[in-house]
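Undergrad: Mind looking over this structure? Questions follow.
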Amino acid sequence: MSDDRTLKKEDIKPSDIKANIYDSVEIVVDIYGVTEHNIEDTLEKLIEILPAQKYRRTDDSLTVEEINAYGDRKDIPLTHSLRRRYLEKEGVVRYYSKKDSEKITICGLFISISLSYEIAHILKDNIELMHKIIEIFKKLEYFEVERISLIKKDSIYCSSLDDLYQCFNEKMFSDAGYALGYKAGETDCGVTKVYNNFSYKETDIILNKQIMAGQLADSDEIVYEGKMETIVSRGLFEDLINVKEILSELNDISFEIFMNHITDDFAADLVAGKSSKVKAGVK
221 MSDDRTLKKE DIKPSDIKAN IYDSVEIVVD IYGVTEHNIE DTLEKLIEIL
271 PAQKYRRTDD SLTVEEINAY GDRKDIPLTH SLRRRYLEKE GVVRYYSKKD
321 SEKITICGLF ISISLSYEIA HILKDNIELM HKIIEIFKKL EYFEVERISL
371 IKKDSIYCSS LDDLYQCFNE KMFSDAGYAL GYKAGETDCG VTKVYNNFSY
421 KETDIILNKQ IMAGQLADSD EIVYEGKMET IVSRGLFEDL INVKEILSEL
471 NDISFEIFMN HITDDFAADL VAGKSSKVKA GVK
(Lines of atoms letter the chains of each structure in order from A and count residues from 1; the text may use other names and numbers.)
(Lines give C-alpha, C1' and ligand atoms only; values in the text may rest on other atoms or scores of the structure.)
Protein backbone atom coordinates (compact mmCIF):
# COMPACT_ATOMS: atom_id res chain seq x y z
CA MET A 1 0.00 0.00 0.00
CA SER A 2 1.71 3.12 -1.19
CA ASP A 3 -0.28 5.86 0.55
CA ASP A 4 -1.99 5.17 3.90
CA ARG A 5 -3.89 8.50 3.67
CA THR A 6 -5.80 7.33 0.58
CA LEU A 7 -6.99 4.13 2.25
CA LYS A 8 -10.66 3.54 2.86
CA LYS A 9 -11.73 1.50 5.86
CA GLU A 10 -13.31 -1.17 3.71
CA ASP A 11 -9.93 -1.83 2.07
CA ILE A 12 -8.06 -2.34 5.35
CA LYS A 13 -7.36 -5.84 6.64
CA PRO A 14 -6.35 -6.72 10.22
CA SER A 15 -2.86 -7.54 8.97
CA ASP A 16 -2.49 -3.95 7.69
CA ILE A 17 -2.86 -2.47 11.19
CA LYS A 18 0.49 -1.54 12.75
CA ALA A 19 -0.92 -0.02 15.97
CA ASN A 20 -3.97 -0.74 18.10
CA ILE A 21 -5.93 0.86 20.93
CA TYR A 22 -6.51 -2.30 22.98
CA ASP A 23 -6.44 -2.14 26.76
CA SER A 24 -7.16 -5.85 26.96
CA VAL A 25 -8.51 -8.81 25.02
CA GLU A 26 -10.12 -11.89 26.55
CA ILE A 27 -11.03 -15.22 24.99
CA VAL A 28 -13.62 -17.12 27.04
CA VAL A 29 -15.03 -20.61 26.48
CA ASP A 30 -17.88 -21.54 28.82
CA ILE A 31 -17.93 -25.28 29.44
CA TYR A 32 -20.03 -28.01 31.02
CA GLY A 33 -19.48 -31.56 32.27
CA VAL A 34 -16.05 -31.07 33.87
CA THR A 35 -15.36 -32.20 37.42
CA GLU A 36 -12.50 -31.18 39.70
CA HIS A 37 -11.03 -34.65 39.18
CA ASN A 38 -11.22 -34.17 35.39
CA ILE A 39 -9.30 -30.92 35.68
CA GLU A 40 -6.54 -32.50 37.76
CA ASP A 41 -6.08 -35.27 35.20
CA THR A 42 -6.21 -32.89 32.24
CA LEU A 43 -3.64 -30.48 33.68
CA GLU A 44 -0.99 -33.17 33.28
CA LYS A 45 -1.76 -33.28 29.57
CA LEU A 46 -1.43 -29.47 29.27
CA ILE A 47 2.24 -29.42 30.27
CA GLU A 48 3.40 -29.63 26.68
CA ILE A 49 1.44 -26.55 25.54
CA LEU A 50 1.76 -24.64 28.83
CA PRO A 51 5.39 -25.39 29.78
CA ALA A 52 6.96 -24.25 33.04
CA GLN A 53 9.63 -22.41 31.07
CA LYS A 54 6.96 -20.01 29.80
CA TYR A 55 4.27 -20.04 32.51
CA ARG A 56 3.98 -20.19 36.28
CA ARG A 57 1.02 -22.08 37.68
CA THR A 58 -1.03 -21.17 40.77
CA ASP A 59 -4.15 -22.51 42.48
CA ASP A 60 -6.74 -19.84 43.10
CA SER A 61 -10.45 -19.09 43.49
CA LEU A 62 -12.89 -17.16 41.34
CA THR A 63 -13.18 -13.41 41.75
CA VAL A 64 -16.46 -11.54 42.17
CA GLU A 65 -15.90 -9.96 38.76
CA GLU A 66 -15.47 -13.36 37.11
CA ILE A 67 -18.65 -14.69 38.73
CA ASN A 68 -20.63 -11.62 37.62
CA ALA A 69 -19.30 -11.93 34.07
CA TYR A 70 -20.18 -15.64 34.02
CA GLY A 71 -23.74 -14.85 35.11
CA ASP A 72 -24.01 -12.20 32.40
CA ARG A 73 -22.81 -14.62 29.70
CA LYS A 74 -25.23 -17.31 30.89
CA ASP A 75 -28.00 -14.70 31.29
CA ILE A 76 -29.04 -16.23 34.60
CA PRO A 77 -29.75 -14.62 38.00
CA LEU A 78 -27.01 -15.44 40.50
CA THR A 79 -28.47 -15.94 43.95
CA HIS A 80 -26.46 -15.13 47.05
CA SER A 81 -26.02 -18.83 47.85
CA LEU A 82 -24.86 -19.63 44.30
CA ARG A 83 -22.36 -16.78 44.33
CA ARG A 84 -21.05 -17.99 47.67
CA ARG A 85 -20.69 -21.54 46.38
CA TYR A 86 -18.74 -20.36 43.35
CA LEU A 87 -16.48 -18.21 45.54
CA GLU A 88 -15.80 -20.85 48.17
CA LYS A 89 -15.91 -24.16 46.32
CA GLU A 90 -15.06 -23.62 42.64
CA GLY A 91 -11.40 -24.53 42.27
CA VAL A 92 -9.38 -22.48 39.77
CA VAL A 93 -5.98 -23.03 38.20
CA ARG A 94 -4.23 -20.06 36.63
CA TYR A 95 -1.19 -19.87 34.38
CA TYR A 96 0.70 -16.57 34.14
CA SER A 97 3.27 -15.70 31.50
CA LYS A 98 6.65 -14.56 32.77
CA LYS A 99 5.75 -10.88 32.30
CA ASP A 100 2.18 -11.34 33.60
CA SER A 101 0.68 -9.94 30.41
CA GLU A 102 -1.06 -13.24 29.67
CA LYS A 103 -3.30 -15.12 32.13
CA ILE A 104 -4.92 -18.47 31.45
CA THR A 105 -7.76 -19.49 33.79
CA ILE A 106 -9.14 -23.02 33.99
CA CYS A 107 -12.10 -24.07 36.13
CA GLY A 108 -15.22 -26.20 35.85
CA LEU A 109 -17.28 -23.28 34.51
CA PHE A 110 -15.04 -21.77 31.86
CA ILE A 111 -11.58 -21.54 30.34
CA SER A 112 -10.21 -18.10 29.49
CA ILE A 113 -7.12 -16.38 28.13
CA SER A 114 -6.73 -12.76 29.25
CA LEU A 115 -4.25 -10.50 27.46
CA SER A 116 -3.02 -7.16 28.79
CA TYR A 117 -1.82 -4.92 25.98
CA GLU A 118 0.84 -3.16 27.99
CA ILE A 119 2.81 -5.74 26.03
CA ALA A 120 1.84 -6.53 22.43
CA HIS A 121 0.25 -9.90 21.68
CA ILE A 122 -0.47 -11.78 18.47
CA LEU A 123 -4.12 -12.67 18.94
CA LYS A 124 -4.14 -15.47 16.38
CA ASP A 125 -1.48 -17.27 18.44
CA ASN A 126 -3.72 -17.15 21.51
CA ILE A 127 -6.69 -18.34 19.46
CA GLU A 128 -4.54 -21.29 18.43
CA LEU A 129 -3.58 -21.88 22.07
CA MET A 130 -7.21 -21.89 23.20
CA HIS A 131 -8.01 -24.34 20.41
CA LYS A 132 -5.30 -26.71 21.64
CA ILE A 133 -6.51 -26.50 25.24
CA ILE A 134 -10.11 -27.27 24.24
CA GLU A 135 -9.02 -30.16 22.02
CA ILE A 136 -7.48 -31.79 25.11
CA PHE A 137 -10.63 -31.21 27.18
CA LYS A 138 -12.83 -32.56 24.38
CA LYS A 139 -11.47 -36.04 25.12
CA LEU A 140 -13.45 -36.05 28.39
CA GLU A 141 -16.63 -38.11 28.10
CA TYR A 142 -19.14 -35.50 29.25
CA PHE A 143 -17.35 -32.33 28.17
CA GLU A 144 -19.39 -29.72 26.28
CA VAL A 145 -18.74 -26.21 25.04
CA GLU A 146 -21.68 -23.92 25.84
CA ARG A 147 -20.50 -20.53 24.58
CA ILE A 148 -17.43 -18.97 22.97
CA SER A 149 -16.78 -15.27 23.53
CA LEU A 150 -14.22 -12.71 22.41
CA ILE A 151 -14.07 -9.54 24.51
CA LYS A 152 -12.06 -6.48 23.49
CA LYS A 153 -11.65 -3.31 25.52
CA ASP A 154 -10.34 -0.22 23.71
CA SER A 155 -9.60 3.32 24.87
CA ILE A 156 -8.01 6.52 23.62
CA TYR A 157 -7.29 9.87 25.27
CA CYS A 158 -7.43 13.11 23.31
CA SER A 159 -6.80 16.76 24.19
CA SER A 160 -10.20 17.84 22.87
CA LEU A 161 -13.56 16.42 21.87
CA ASP A 162 -12.85 17.59 18.34
CA ASP A 163 -9.73 15.43 18.26
CA LEU A 164 -11.61 12.49 19.75
CA TYR A 165 -14.34 12.68 17.12
CA GLN A 166 -11.70 12.78 14.42
CA CYS A 167 -10.88 9.26 15.69
CA PHE A 168 -14.21 7.79 16.71
CA ASN A 169 -17.18 7.97 14.36
CA GLU A 170 -19.40 10.61 15.98
CA LYS A 171 -22.61 8.99 14.71
CA MET A 172 -21.81 5.79 16.60
CA PHE A 173 -21.78 7.64 19.94
CA SER A 174 -24.95 9.76 19.55
CA ASP A 175 -23.42 12.63 21.53
CA ALA A 176 -26.20 15.21 21.54
CA GLY A 177 -24.23 17.54 23.84
CA TYR A 178 -21.32 17.65 21.43
CA ALA A 179 -23.64 18.27 18.48
CA LEU A 180 -25.31 21.21 20.27
CA GLY A 181 -22.05 22.59 21.62
CA TYR A 182 -20.43 22.40 18.20
CA LYS A 183 -23.13 24.73 16.88
CA ALA A 184 -23.49 27.09 19.86
CA GLY A 185 -20.20 26.67 21.71
CA GLU A 186 -22.00 26.67 25.06
CA THR A 187 -21.97 23.01 26.12
CA ASP A 188 -19.51 21.45 28.58
CA CYS A 189 -18.71 17.76 28.20
CA GLY A 190 -20.40 15.49 30.73
CA VAL A 191 -20.64 11.77 30.06
CA THR A 192 -21.93 9.97 26.98
CA LYS A 193 -22.84 6.30 27.35
CA VAL A 194 -24.22 4.04 24.64
CA TYR A 195 -25.26 0.39 25.05
CA ASN A 196 -26.03 -1.86 22.08
CA ASN A 197 -27.23 -5.46 22.20
CA PHE A 198 -28.04 -7.23 18.93
CA SER A 199 -27.40 -10.27 16.74
CA TYR A 200 -25.37 -10.19 13.53
CA LYS A 201 -24.22 -13.09 11.35
CA GLU A 202 -25.56 -15.63 13.87
CA THR A 203 -23.47 -13.90 16.53
CA ASP A 204 -24.55 -12.20 19.76
CA ILE A 205 -23.01 -8.76 20.13
CA ILE A 206 -22.82 -6.36 23.06
CA LEU A 207 -21.24 -2.91 22.76
CA ASN A 208 -20.56 -0.60 25.69
CA LYS A 209 -19.32 2.84 24.64
CA GLN A 210 -18.44 5.82 26.81
CA ILE A 211 -16.90 9.26 26.44
CA MET A 212 -16.02 11.50 29.38
CA ALA A 213 -13.58 14.15 30.51
CA GLY A 214 -10.77 13.29 32.92
CA GLN A 215 -7.06 13.54 33.59
CA LEU A 216 -4.09 11.47 32.59
CA ALA A 217 -2.14 9.86 35.42
CA ASP A 218 0.53 12.16 36.91
CA SER A 219 -0.83 15.13 34.98
CA ASP A 220 -3.20 18.05 35.58
CA GLU A 221 -4.10 18.24 31.89
CA ILE A 222 -7.75 17.67 31.03
CA VAL A 223 -8.25 15.00 28.40
CA TYR A 224 -11.24 13.32 26.81
CA GLU A 225 -11.41 9.56 27.11
CA GLY A 226 -13.22 7.38 24.61
CA LYS A 227 -13.81 3.77 25.67
CA MET A 228 -15.40 0.89 23.83
CA GLU A 229 -15.99 -2.68 24.99
CA THR A 230 -16.95 -5.17 22.28
CA ILE A 231 -18.30 -8.61 23.22
CA VAL A 232 -18.96 -11.05 20.38
CA SER A 233 -20.10 -14.58 21.20
CA ARG A 234 -21.85 -17.70 19.97
CA GLY A 235 -23.57 -20.52 21.82
CA LEU A 236 -25.79 -23.56 21.30
CA PHE A 237 -23.17 -25.72 19.65
CA GLU A 238 -23.37 -29.22 18.25
CA ASP A 239 -21.02 -31.83 19.68
CA LEU A 240 -18.34 -31.33 17.04
CA ILE A 241 -16.98 -27.80 16.95
CA ASN A 242 -13.78 -26.18 15.78
CA VAL A 243 -12.88 -23.55 18.38
CA LYS A 244 -10.14 -22.01 16.24
CA GLU A 245 -12.54 -21.56 13.32
CA ILE A 246 -15.27 -20.03 15.47
CA LEU A 247 -12.88 -17.64 17.26
CA SER A 248 -11.42 -16.54 13.93
CA GLU A 249 -14.93 -15.74 12.69
CA LEU A 250 -15.72 -13.85 15.90
CA ASN A 251 -12.49 -11.88 15.52
CA ASP A 252 -13.43 -10.93 11.95
CA ILE A 253 -16.82 -9.66 13.14
CA SER A 254 -15.22 -7.75 16.03
CA PHE A 255 -12.83 -6.09 13.58
CA GLU A 256 -15.71 -5.16 11.27
CA ILE A 257 -17.57 -3.55 14.18
CA PHE A 258 -14.45 -1.67 15.29
CA MET A 259 -13.81 -0.30 11.81
CA ASN A 260 -17.36 1.03 11.67
CA HIS A 261 -16.69 2.95 14.90
CA ILE A 262 -13.60 4.81 13.70
CA THR A 263 -13.06 7.39 10.97
CA ASP A 264 -11.24 6.75 7.70
CA ASP A 265 -8.50 9.09 8.82
CA PHE A 266 -7.94 7.34 12.17
CA ALA A 267 -7.97 3.97 10.43
CA ALA A 268 -5.15 5.28 8.25
CA ASP A 269 -3.32 6.40 11.42
CA LEU A 270 -3.52 2.85 12.80
CA VAL A 271 -2.14 1.49 9.54
CA ALA A 272 0.70 4.03 9.75
CA GLY A 273 1.32 3.06 13.38
CA LYS A 274 0.90 6.51 14.98
CA SER A 275 -1.61 9.35 15.39
CA SER A 276 -1.18 13.04 16.11
CA LYS A 277 -4.82 13.23 17.26
CA VAL A 278 -4.32 10.99 20.30
CA LYS A 279 -2.62 11.99 23.54
CA ALA A 280 -2.41 8.41 24.80
CA GLY A 281 -3.82 5.03 23.88
CA VAL A 282 -2.28 4.17 20.52
CA LYS A 283 0.22 1.37 21.05
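So the sequence shown is numbered by the working numbering: it starts at 221 and just counts up by one. Beta carbons are placed, not taken as given, at the ideal position from N, Cα and C, and that holds for glycine. Since we're looking at a predicted model, the values are computed, not measured.
1. So, under 8 angstroms CB-CB, residue 483 and residue 389 are touching, yes? Tell me the CB distance rounded to an integer number of Å.
2. What's the gap between the Cα of residue 339 and the Cα of residue 430?
3. For residue 362, does the three-state DSSP call read helix, strand or coil?
4. Helix or strand or just coil, what does DSSP make of residue 255?
5. Roughly how many angstroms lie between the CA atoms of residue 370 and residue 457, to the nearest whole one?
6. For residue 221 and residue 496, I'd like the C-alpha separation in whole angstroms.
7. Specify, as a first and last residue, the run of the beta strand (DSSP E) that residue 429 falls within.
8. Residue 395 to residue 318, Cα distance in whole Å?
9. Go through its chain and collect everything with a Cβ distance to residue 433's Cβ below 7 angstroms, but skip five positions before and after it.
10. Taking the C-alpha atoms as reference points, what is the distance between residue 345 and residue 239?
11. On the premise that residue 335 lies in contact with residue 251, defined as a C-beta separation below 8 angstroms, what is that separation, rounded to the nearest angstrom?
12. On a CA-only basis, which of 236, 382, 478 and 264 is nearest residue 372? Give me that one, please.
13. Can you tell me whether residue 370 is helix, strand or coil according to DSSP?
14. Inspect the CB distances between the segment 468–476 and the segment 421–430 and report whether three or more fall short of 8 angstroms.
15. Buried or exposed for residue 486, going by 16 or more other Cβ atoms inside 10 Å?
TA: Let me spell this out:
1. 6 angstroms
2. 24 angstroms
3. coil
4. coil
5. 16 angstroms
6. Confidence in residue 221 is poor, its pLDDT being 40 and thus under 50, which makes the residue's placement too unreliable to answer from.
7. 423–435
8. 42 angstroms
9. 409, 442 and 444
10. 17 angstroms
11. At roughly 20 angstroms, the Cβ-Cβ gap does not stay under 8 angstroms, so residue 251 and residue 335 are not in contact.
12. 478
13. strand
14. yes
15. buried
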